[in-house]
Every structure is written in structure tokens, then in C-alpha cells.
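What follows is a set of notes on a single structure, which appears directly below.
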Amino acid sequence: MSKKTQVTAEGAFKVSELTFGLTVQPGSSRNFKTGDWRSARPVLDREKCVYCGFCYFYCPDGVYQDMGSDEKYYKADLDYCKGCGVCAYECPKKCIQMVVEEV
Amino acid sequence: MSVTDSTKPVGIEVSLAMAEAVKLAKAEVIAAYPITPQTHIVEHLSDLVANGELDAEYVPVESEQSAMSACIGSSAAGARTYTATSSQGLMLMAEMVFIAPMLRLPIVMAVANRAVSGPINIWNDHSDIMIIRDCGWIQIFAENGQEATDMSIISFKIAEDPRVMMPLILNIDGFTLSHFIEPIVFPEEDKIKQYLPPYETSHKLDITKPMSLGALGPPEVYSEARKAMDDALLASKAGVIRGFEEFAEIFGRKYNLVESYRAEDAETIIVAMGSISETAMVAVDEMRAAGEKVGLVRIRLWRPFPVEEFLAAVEGAKYLAVVDRHFTPGFPEGPVATEVRALMYNNDNRPKIANFVLGLGGRDVPRNHFKHIVEQVKELGTAGSQSRYEMVGVQQ
Amino acid sequence: MNIQHLNSAAVPFEKVTAKTFPKGPESLASGHRACQGCGEVLALRLLLKALGRDFMAVSATGCMEVCTTPYPQSAWEMPWLHVAFENAAAVAAGVDAGNIIRRRKGKLPDRRIPVVAIGGDGATFDIGIQALSGAMERYHENFIYICLDNEAYMNTGIQRSSATPFGASTTTSPAGKFSKGQNTWKKNMPAIAAAHNIPYVATASPAFHLDLMTKMRRAAAIPGPAYIHVYSPCPTGWRMKPELSVDSSRLAVKSRVFPLYEIIDGQYIINKKVDKPIPVADYLKPQGRFKHLTEEDIAQISERVNHEYEHLVKLSEVFDGPLF
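Residue numbers (my numbering), protein chains in the order written: chain H, 1004 to 1106; chain R, 682 to 1077; chain D, 106 to 429.
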């Protein structure tokens, strides 16, 4: 009486769990936090910031959010920031520093 | 005054009748590229749109690749979508043909079966659809003009059934069916309204309910996704049966997944698909008159293959002479025979099976070919003999 | 169809200015898997933002499709369809046809829905040029084609396309002992688009984000096919530091390598005159794909760049009425 060979199910989903026609909900990429890709994060010196919006305009990942006309700065969502450094490079006042992340 | 207003049979070329049926079905987008012998279908549809008899968007695309691409686009937008092609065109659009069922889009496509190049040949055989048969579409073979006309309406009913939502190919033999003039009874327009409601679905591109269609399927998703498509195709058989039954109730013409002709007590059964079945039936009558216990089984639904219905139809036969209109180079048997043989393998009482390739590239198939294969199957089909197809009428 | 002279330049549209920059929710959600500093996804983000969510998008296979939609995730906030590599234009044409008939039958509200086909340079210049040509010739009313040009088949590993510029090293046109990299000059897609008699063609660069977004709105406003060619720096493929991608698309314009212009009803309009260009070398130097070029090579490229720019200026000065 030999034991039957076990086969593990390798798929991420059961067939019955898949959506009809494999459709995907809009904006569901937000479930994937790309923030852990980066090795350096942008740090803003708010004293120097003139609220020009370049960091917000030029972020390929759209992580910046307008904090409003009272606060007058843009804040990066570190859940998604990949640390590319475009904001720091494009900032006309050079008030964003890319700081190496602690391991 | 349209030809479809008549309640009496109309003498009309089958291609034109199919176009008229697509008009009656109120197709909304037709994106097609001309290729012999499908041209009369798309030309006539173009005429019907130009004269206002059919309110549709006719997209004269610049190749078959774009034809199927545009069909996927319009079906995804929620429009009832139709196209037609043959042979080289079907192969050119192959990439998109395989994608459509994964997206669950109910596109209806007529394929005027034509030989695949090379050498280039515009005449009829089944090589085009056989090469594509893994595409995942529902595949139906029509045998005569009335059927081709009726199926041009039934196809939309089946494909768009919410429990099906799969694309459908309607095969008609190029020239030998598409260009024949036959007496056709057109389904009445008001009854079609009852049979085939307008296409409505939530599975579409919709600004009020956005979704993404056509995602990437990495290794951890692909197998299950493909299995889901196969499950959908297998489940569509019930939709085909429903579509045929409802058509019979309303219009009185009943189509089955598999048709038997004098096969119930037959010792030898010819298995065939498409319009050569008509010749085969005359040959069967002649052989019966001469005392041969022979019959014919015609497969109408090719995919999903109607396993139970087919096995029931050939039950009791000692010999199956399986006709193929395509052969698979490098392998001893054609596709239909291989599938029939595979189905019967586990059956203890399986019949002797032999494969006969008939009528490639438009070569005529006369009645005596069927008489020949009925004689031959008893020799070729015996166990131990070299199993290889015979290409009837072709000399080395 | 009536043949009539168009006046597409007069069609009203809403400009995007620094004051009116749309600051609502993103039309392309974060969490997509584009490389750090990807200039192409930045351009895409801005283009989509210009239209909001009231349109449909069709992608060709490529970076922007693969990195935004691995099942079960999608970064697209509007209806989106992807089919294959060479057919975004044909699929979009089909979507437009479907929308048009449904609108005519009263199943959709009575207004135009832009259908935006998006492809890379591979999908546009090479494998997809037939579908694009067909769609433009058929004059689909709501069809907008965006070419996101990063000058090679980046998604499959930096192989050359007919958009790869002269002298660029790619994996299938590598610099070597007997090779300077790509040995042909970039195909002029905007001119090819304009040759199809479509009412609106434009070039855009993400560094000039307001111009880029305005052009997207203008394309959507003008009835008939539109083609927008967008310069999309790829730090990975161009062997460049990620933080330089936006600046690269600025230097491309300022050096005349990538001029910003529109072609409206056949008339060329230069949006940003570059009377005092910066040296082409300044644009080439930060990119590793050009590092093998000699001073002589750069001079040859510079001469060609300036010649093409001057030709463009001449085209903008000559116009004898729309051809349609």
C-alpha cells in the first residue's frame, strides 16, 4: 500500500476565484506598495519650498499630494515613492534632498 | 421591398442570404477585409448598410489582423459584432482569434472554408479552420444554404447568451456552399425580435463602470485563466442546445449537435462535416439500395466537441469511415479521425476506424468516393494493419 | 460625407495652465511597476490627467501595458483594453465604431467619447504602422493615437526600432568595432501621420507638461483622428541616471533634437522656437547609449538635427490652404 504522491497547487488563485474575462478593477495597483523599491527617499526643507509644484508635476508615480494653500507644500506618499530622485533634481530651489534609507 | 420580406422560399446565393440574415439579426459593427470566397458576404453587407437597410457601422479595415482587432474593440464596447474571412485571412488574424475567447467577447465570424497556402489555392477544404481549432471559439459547420442562413442568426443568440459569452465561428464551405444558389426561407423579422433580443451586457467598456480588460497573466495566473476559458467553452454546449431548441420552437426548423442519416442500424458509418454531407447522403441511399448497411453521422458542433451525442450516434457500428478535409503533415491521421479515435479508445466495443482525406483544395468529391471509403474501411481499419489516412483519388 | 474645408485651429479647447493644472485624483494610479524615473510613465500620467476619466484607453503591448496591469492589478482609472502589440490603433477604431453605433441607437449619452490608443515606438513605427495608417485613413471621429517614444523596444530588452536615433547603441544595433550603433536616421512619424490628411498632429515632451497636456485636450476636441508623438526618456534603456529623465526631455527640445510643433489641417506651427539651441552634445552626453560616439559623430548628428529643424521652420512658413 504505497502513499499517493501529493501535488501542491501552484496558482495564486483557484479557477473559481478568477474574475469573468479576467477583468481587473480600476486603480487596484494601489494594493502594490512600490515604496519598498527605493534606497533613498526625498526629504523636503519646507523653509526653502516656494510651492511651485514641480515635484508634483514631474513625479512619474504621482506620489505627491497638494497639502493646500494654507500648508503650501507637496507631500510624498512614501508607500509608493520609488526614490528616483526626479523631484529633487527638478526642484528649482533645491529644497529636496535624497536621503539614503536606513537598512 | 427587401428579399427578406418574402415568406416563400427565395432563390438566392448562400453568401447573400447569410448577409441578409446578419441584417435581420441587426448586427451593429461589421469590421471585415475581403478574401475569396467570403467576398460576397461582406460586399452585400456593405450594400445593405449603404442603402440604410442595416443600421450599422461598417469598418473597411486594411487587413484581417485589423479586422479581428476592431471586432474585439467593438464587442468590448458592447456592440453586436460580425465579421467573415477565409484561409489566409483567418491565419493572419490568428493572434487575435486566440485572444477573443479569453476576453469573453461574443463575436460572430463566418469562415468560408478555403485551402491554406501553399501553394495558393482559393477553393474549398477545411484546412483553415482545422489549423485554428485550438482557438477557444465555439465552432459550427453548416451543410446547406438554409442552415447557413439560420445559423447566421442562431450564432448571435448562442454567443451572446449571458451563460455563454464566447465568440463563435460559423463554417461554410467556400464556393461549394457560399456561392451556390439555393431556395432559402428567411426567418420572419418579428419572430426574430422574439428570438434574438438586442445585445445588452454589463461586460463592456463603460465610463460609468470602468474596468481593465486584457491584463497580463503571469505564471501564477495563466493556467487557471486558460482553464477558466476552457470551462466556459465546454459549458457553452448547453447554450448551443438552448439556441437550437428555441429556434425550433419559433421557426420550426430543428438543428442538432450531431445529425444521423440512416445510421441507427448501420454496420458502417461515414463521419463527415459540412456540405459534402449532402453528396454523402445520396451515396448512402444508393449503397442502401444495393444492400449495404451504411449510414452517415454529420458533426454540426465541432467545438466544444459533442462527446455524448457523437458516441450515441455511432453506437453499434462496426466500422467508422472518418472523412477529413485536411491532413496533418508528419502524422498518420487527420484531425477529425484522430479525435474520434481518441474518444473511442477506452470503449471496449470500439469500432474499426479508418481515415480518408477527401477534396483538398477544391477537388471534387463525387458519390463514388464515399462508396470507395465504405469498401476500404473494412480493410484499413483492421487491427494490426498500418494505420494511415488514404488521400482518396490522389496517386503517388 | 461632405468634403469641406476644415478649420480645426478654431475648434475651442481648454488649455492647461499652471493655475488650471488639474489637481484631482490621478487618472493613473500609483503602485504601477514602471522603472524609477521612467519618463514614459510620467508622460502617460500627465496625458491621462489632462482628460480626467471621461474617455476610453486602448494599449498596445509594451512597457506601459505590462507595468500597469499584471493580474489582478490595474493602474488605469478609466475603461481600458489591451489586445496585442501591433493593433492598438485597430482595436481603438473598433471601440469607436461600437460607441458610435450605440450612441446612435440611444444606448449611450449623446456626446463624443475620446478613444485613446497608446503605443510605444515599436508598436507605432514598426509592427503597428499598418493598423495606425488604416485607422487614420478611415478617419475615425474620436480616435486619438499617442506614441510614447522611448526610441527602442524597451519592454523586451532595449532592441532597436525605426525610432532609434542615429548613433544610439541598442542590443540589436550595438556599438562595436565595426558599428556606430544605429546606422539609419529616425523615421519621421509626425510627417507620416500628417500625410494621412488628419486634422491634428502634435509633438510633446513631458518636461513641457502644460504644453503636453494642452495638446491632449486639443486632440480630443478636434473631430477626426489625432496623432501625438511624445518624447519619453527611458533611464534604463538610455543608460542614464533616473533623476535626469525629465531634464533629458527638456534638453531634447532645447537642442532642437525634438522640436515641439503642431500640424493642424496640414499647417505646421512651431510651438517653441529654438533660435539659440544648446549643443546637441549636452543632450547626448548624459546618455550611456551614445558614449561611444566621437566628436566627429556628434558633429554629424548636430548638422542633421539643425538641418531638420530649419526644414521644419520652412514648412511652417509655407501654407496654401488645407488640402481637404
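Beta carbons: idealized from backbone N, C-alpha and C, even for Gly.
- Query: Under a CB-based cut-off of 8 Å, is ALA919/R close to chain H?
  - Reply: no
- Item | ALA944/R versus GLY976/R: straight-line alpha-carbon distance, rounded | 4 Å
- Message: Could you tell me which whole beta strand (DSSP E) segments of length 3 or greater appear in the segment 976-1000 of chain R?
- Response: 982-984
- Message: Taking 8 Å as the threshold (beta carbon to beta carbon), is ALA1091/H in contact with chain D?
- Response: Answer yes: the Cβ-Cβ gap between ALA1091/H and chain D drops below 8 Å somewhere.
- Query: With DSSP run on the structure shown, which of helix, strand or coil describes LYS292/D?
  - Reply: coil
- Query: Looking only at C-alpha atoms, which of GLU927/R, ASN1030/R, PHE1037/R, VAL1021/R sits nearest to ASP831/R?
  - Reply: The shortest C-alpha to C-alpha distance from ASP831/R to any of GLU927/R, ASN1030/R, PHE1037/R, VAL1021/R is the one to GLU927/R.
- Cβ distance (whole Å) where ALA197/D is taken to contact VAL335/D below 8 Å: Contact flag wrong, Cβ pair sits at about 16 Å.
- Which class does LYS282/D belong to by DSSP, given the choice of helix, strand or coil? coil
- Please report how far the alpha carbon of HIS860/R lies from the alpha carbon of PRO219/D, in whole angstroms. Cα to Cα, the separation comes out at about 41 Å.
- Message: Could you tell me the alpha carbon to alpha carbon distance between LYS320/D and ARG394/D, rounded to whole angstroms?
- Response: 30 Å
- Query: Name the DSSP bridge partner or partners of THR766/R?
  - Reply: VAL792/R
- Message: To the nearest angstrom, how far is the alpha carbon of THR122/D from that of VAL116/D?
- Response: 18 Å
- Message: According to DSSP, is VAL691/R part of a helix, a strand, or is it coil?
- Response: Annotated three-state conformation of VAL691/R is strand, per DSSP.
- Message: Taking only three categories from DSSP, how would you classify TRP1040/H?
- Response: helix
- Classify SER941/R as helix, strand or coil using the three-state DSSP reduction. strand
- From LEU735/R, ILE834/R, SER808/R, ALA919/R, pick the residue whose C-alpha is nearest to that of LEU877/R; which is it? Checked all of LEU735/R, ILE834/R, SER808/R, ALA919/R; the closest Cα to LEU877/R is ILE834/R.
- What residue range is occupied by the uninterrupted beta strand (DSSP E) comprising TYR332/D? 331-336
- Query: Given a threshold of 16 other Cβ atoms within 10 Å of its Cβ, counted over all protein chains shown, does ILE1099/H qualify as buried or as exposed?
  - Reply: buried
- Item | DSSP state of CYS168/D mapped onto helix, strand, coil | helix
- Any Cβ of chain D within less than 8 Å of the Cβ of ALA1023/R? no
- Task: Please confirm whether THR1026/H and MET892/R have their CB atoms less than 8 Å apart.
- Result: Taking 8 Å as the Cβ cut-off, THR1026/H and MET892/R qualify as a contacting pair.
- With distances taken Cα to Cα, identify the nearest neighbour of ASP809/R among ALA840/R, ILE850/R, PRO843/R, ILE788/R. Ranking the options by Cα distance to ASP809/R, first place goes to ILE850/R.
- Message: By the three-class DSSP mapping on this structure, what secondary structure does CYS1058/H have?
- Response: In this structure, CYS1058/H counts as helix in the three-state DSSP scheme.
- Message: Distance cutoff 8 Å, beta carbons only. Does LYS1036/H sit that close to anything in chain C?
- Response: Among the chains of the structure shown, chain C does not appear; the protein chains present are H, R and D.
- Item | Straight-line gap, ARG934/R to SER836/R (C-alpha atoms, nearest Å) | 15 Å
- Message: Among the candidates ALA765/R, VAL1004/R, PRO741/R, LYS874/R, whose CA atom is the shortest distance from the CA of SER956/R?
- Response: VAL1004/R
- Message: Less than 8 Å between the C-beta atoms of LEU417/D and TYR373/D, yes or no?
- Response: Their beta carbons are under 8 Å apart, which means LEU417/D touches TYR373/D by this criterion.
- Excluding the 5 residues preceding and the 5 following SER360/D in the sequence, name in chain order all residues of the same chain whose CB lies nearer than 6 Å to its CB. PRO382, ILE383, VAL385, TYR388
- Between the CA atoms of ILE249/D and HIS187/D - distance to the nearest angstrom: 16 Å
- Message: Between the alpha carbons of CYS816/R and LEU773/R, how many angstroms are there, rounded?
- Response: 13 Å
- Task: Evaluate the contact criterion for the segment 684-699 of chain R versus the segment 1062-1077 of chain H: three or more CB pairs, one atom per stretch, below 8 Å.
- Result: no
- Task: Check whether the Cβ atoms of PRO690/R and PRO879/R sit closer than 8 Å, and answer yes or no.
- Result: no
- What does DSSP give as the partner residues of CYS252/D in its beta bridges? GLY224/D, HIS334/D
- How would you list, in chain order, the residues of chain D whose beta-carbon sits under 9 Å from the beta-carbon of GLN1028/H? Result: PRO177, GLN178, SER179.
- Message: What would DSSP say about TRP343/D, mapped onto helix, strand or coil?
- Response: If DSSP states are grouped into helix, strand and coil, TRP343/D belongs with the helices.
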